[in-house]
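One structure is given below, encoded as C-alpha cells.
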Amino acid sequence: MFFAIFFALWRFLQIITLIPTIGLLAYFVDGYNNANALTPNTILVLFIVSVLAGAWAIFTLFSYHRSSTNAVFVAVVDLLFVGAFIGAVYALRFIADADCTRVVRGSAVDVSLGIFGSASLNDIDVQFDKSCAMLKASFAFGIINTILFFFTSVLACMHGDRMSARDRKTYVRETHSHRHSHRSSQAPRSRQSSHHSHRRVYV
240 MFFAIFFALW
250 RFLQIITLIP
260 TIGLLAYFVD
270 GYNNANALTP
280 NTILVLFIVS
290 VLAGAWAIFT
300 LFSYHRSSTN
310 AVFVAVVDLL
320 FVGAFIGAVY
330 ALRFIADADC
340 TRVVRGSAVD
350 VSLGIFGSAS
360 LNDIDVQFDK
370 SCAMLKASFA
380 FGIINTILFF
390 FTSVLACMHG
400 DRMSARDRKT
410 YVRETHSHRH
420 SHRSSQAPRS
430 RQSSHHSHRR
440 VYV
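Going by this note's numbering, the first residue of the sequence shown is number 240, and it counts up by one from there.
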C-alpha cells in the first residue's frame, strides 16, 4: 500500500517535469526541421530520453500493480534512465554558464523637475534571450529528473527485496506444512499395519 502511494507520487512528479521538458525541446526540433537542418545532438539526446522516460513513467503509473510485482525490473529500467539523463545533461552542460538576460544602458531621457530644473536619466533596456532560457530550463529539468528517477529506482529495488523475502518465507511455510501433513497422513497407516500384523500373530 505504501509502495503504491509513494511510487505514484514520485511518478506523478516525474511526469509533471517531463511534459515541459518535452515541449521546450520539441520547439527546437520543430524549428530545425522547418529550416531543413539537423537538430544538434546536445538537444536531440535530451529530447529522446525525455520522450522515452515520459512514456515509461505514464505506463508504470497506470499499471502500478504490475510495477509492484515486477519491482526489480522497474528499478533496473529507472536506473538506466538515470544514466541516460546524466549523459543528456552532460551533453547540454555548455548552457549552464550562459547568460540569458542582459541589461543594456538605453538612451538619455530628460525629466522635468519643475522649479528645480530638469534631470537627464538613462533608461535601462533588459534583453532576454528566449532560446537560451528555454535550453537552460530544459537543462534544469533534466537534472531534476535524474534525481527523481534515481529515487524511484531505489524505492522499487527496496520493494522488490521485500517481496522476494516474503515469497521465500511463504515457500518455506508451505513446504513445512506439506511435510507435516504428509507425516500425519502416514501415521494412521503405520498404526493400521501394526494392528493387522499383531492380529495375525495371535491368530
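Ideal Cβ positions, reconstructed from N, Cα and C, are used throughout, including at glycine.
No experiment lies behind these values; they were computed from the predicted model shown.
Under 8 Å between C-beta atoms of Asn384 and Phe324: In the sequence shown, counting from the first residue as 1, residue 384 sits at position 145. In the sequence shown, counting from the first residue as 1, residue 324 sits at position 85. A contact, by the Cβ cut-off of 8 Å.
field: DSSP state of Thr278 mapped onto helix, strand, coil
entry: One-based indexing of the sequence shown puts residue 278 at position 39. DSSP places Thr278 in coil when its eight states are reduced to three.
query: How about Gly326 and Val284: do their beta carbons lie closer than 8 Å?
result: As a first step, residue 326 is located in the sequence shown; it is residue number 87 there, counting from the start. As a first step, residue 284 is located in the sequence shown; it is residue number 45 there, counting from the start. Contact flag set, yes.
Local conformation of His415 per DSSP, three classes: Here residue 415 refers to the residue found at position 176 of the sequence shown. In this prediction, His415 has a pLDDT of 44, which is less than 50 and means its spatial position is unreliable; nothing more can be read from the coordinates.
- request: Return the residue from the list Thr391, Ala372 and Gly262 that minimises the CA-CA distance to Arg341.
  value: Position 102 of the sequence shown, counted from the first residue, corresponds to residue 341. Closest option to Arg341, Cα to Cα, is Ala372.
- prompt: So, using beta-carbon positions, are Thr278 and Phe380 closer together than 8 Å?
  reply: As a position in the sequence shown, residue 278 is number 39, starting the count at 1. As a position in the sequence shown, residue 380 is number 141, starting the count at 1. Contact: no.
- prompt: Quick one, which of Leu374, Leu300, Phe388 and Phe320 has its alpha-carbon nearest Ala265's?
  reply: In the sequence shown, counting from the first residue as 1, residue 265 sits at position 26. The shortest Cα separation from Ala265 among Leu374, Leu300, Phe388 and Phe320 belongs to Leu374.
field: Boundaries of the alpha helix (DSSP H) in which Phe333 is found, first to last residue
entry: The residue given as residue 333 occupies position 94 in the sequence shown. Per DSSP, Phe333 belongs to no alpha helix (DSSP H) and is neither H nor E.
- prompt: Skipping 5 residues on each side, what residues in its chain have a beta carbon closer than 6 Å to that of Arg368?
  reply: Residue 368 sits at position 129 when you count from the first residue of the sequence shown. As written in the sequence, residue 368 is Asp, which differs from the Arg given in the question. Counting only Cβ-Cβ distances below 6 Å, and skipping sequence neighbours, we find Cys339.
- prompt: Quick one, which of Phe320, Ala247, Ile334 and Phe390 has its alpha-carbon nearest Ser370's?
  reply: Sequence index remark: in the sequence shown, residue 370 carries index 131 (1-based). Comparing Cα positions, the closest option is Ile334.
field: Cα-Cα separation between Ala330 and Phe301, rounded to whole angstroms
entry: Translated into positions along the sequence shown, residue 330 becomes position 91. Translated into positions along the sequence shown, residue 301 becomes position 62. Ala330 and Phe301: Cα-Cα distance of roughly 32 Å.
field: Span separating the alpha-carbon of Thr391 from that of Phe286
entry: Working through the sequence shown from its first residue, we reach residue 391 at position 152. Working through the sequence shown from its first residue, we reach residue 286 at position 47. Computed Cα separation, rounded: 21 Å.
- prompt: Expressed to the nearest angstrom, what Euclidean distance is found between the alpha-carbon atoms of Phe246 and Phe389?
  reply: Here residue 246 refers to the residue found at position 7 of the sequence shown. Here residue 389 refers to the residue found at position 150 of the sequence shown. Roughly 12 Å between the two C-alpha positions.
- request: Measure the Cβ-Cβ separation of Leu201 and Ala292 and say whether it is below 8 Å.
  value: Here the chain comprises residues numbered 240 to 442, so residue 201 is not present and cannot be evaluated.
task: Would you grab the beta carbon distance between Leu387 and Trp295 for me? Rounded to a whole angstrom, and I think it's under 8 Å.
output: Numbered from 1 along the sequence shown, position 148 holds the residue referred to as residue 387. Numbered from 1 along the sequence shown, position 56 holds the residue referred to as residue 295. With a Cβ gap of about 12 Å, Leu387 and Trp295 do not count as contacting.
field: Contact check, Ala310 vs Ala395, beta carbons under 8 Å
entry: Stepping through the sequence shown from its first residue, residue 310 is reached at position 71. Stepping through the sequence shown from its first residue, residue 395 is reached at position 156. Contact flag set, yes.
query: In terms of DSSP beta bridges, what is Arg341 paired with?
result: Residue numbering aside, residue 341 sits at position 102 when the sequence shown is read from its first letter. According to DSSP, Arg341 bridges with Gln366.
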